[in-house]
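Here is the structure we will look at.
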Amino acid sequence: MEENSGSGIAVAITIIVYLAIAVVFIISFWKILEKAGKPGWAALIPIYNLIVLLEVVGRPGWWIILYFIPCVGLVISIITAIDLAKSFGKSAGYAVLLIFAIGYPLLAFSDAKYVGPAAKSA
């Protein structure tokens, strides 16, 4: 029995770390939406949060369908990350941080200001 206790602890630690990362991401996304003048609580609602994100970056709402098409969803996610970076006055290179989720807390808790939907101005 004692041999399994080590794996149980590893699983518990993994769950705690995962939940901590999820909470940081949700709080970050909440703050980003608020900076963009949208309701922060939208970050909590699956699918709706993507629709609000598309509004923030200036893409049409029907793009939500593209997220659910294999491979196309990945491309749309990258385009949205680039647009989000530009919407906050950051370079397209900053989108790399967003793609790997590191950029969300940085964008949320920095002095970055929302400058408007990047896709509308392009």
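First residue of the sequence shown: 23, per our numbering; consecutive thereafter. Note that beta-carbon positions come from the ideal geometry of N, C-alpha and C, so glycine has one too.
Asked                                                                                              : Found
Collapsed DSSP secondary structure at Ser113 in the structure displayed                            : coil
Same chain only: Cβ atoms within 7 Å of Phe47, ignoring 5 sequence neighbours per side             : Ala123, Tyr126
The region 52 to 70 / the region 128 to 137 touching (three or more Cβ pairs under 8 Å)            : yes
Spatial distance of Phe90 from Ile104 (CA atoms)                                                   : 19 Å
Spatial distance of Met23 from Ser50 (CA atoms)                                                    : Confidence at Met23 is low in this model, with a pLDDT of 47, below 50, so its placement is unreliable and the value that follows should be read with caution. Their backbone Cα atoms lie some 41 Å apart in a straight line.
DSSP three-state assignment for Phe122, whether helix, strand or coil                              : coil
Residue environment, Ile98, which counts as buried when at least 16 other CB atoms sit within 10 Å : buried
Separation of Pro92 from Ala65, as counted between CA atoms                                        : 23 Å
Residues near Trp85 by beta carbon distance below 7 Å, same chain, minus five either side          : Leu76, Ile98
Beta-carbon spacing of Val78, Ser109 below 8 Å                                                     : yes
Unbroken alpha helix (DSSP H) run spanning Tyr70, endpoints                                        : 70 to 79
Same chain, Cβ closer than 7 Å to Val74, five either side skipped, listed in chain order           : Leu55, Lys60, Ala64
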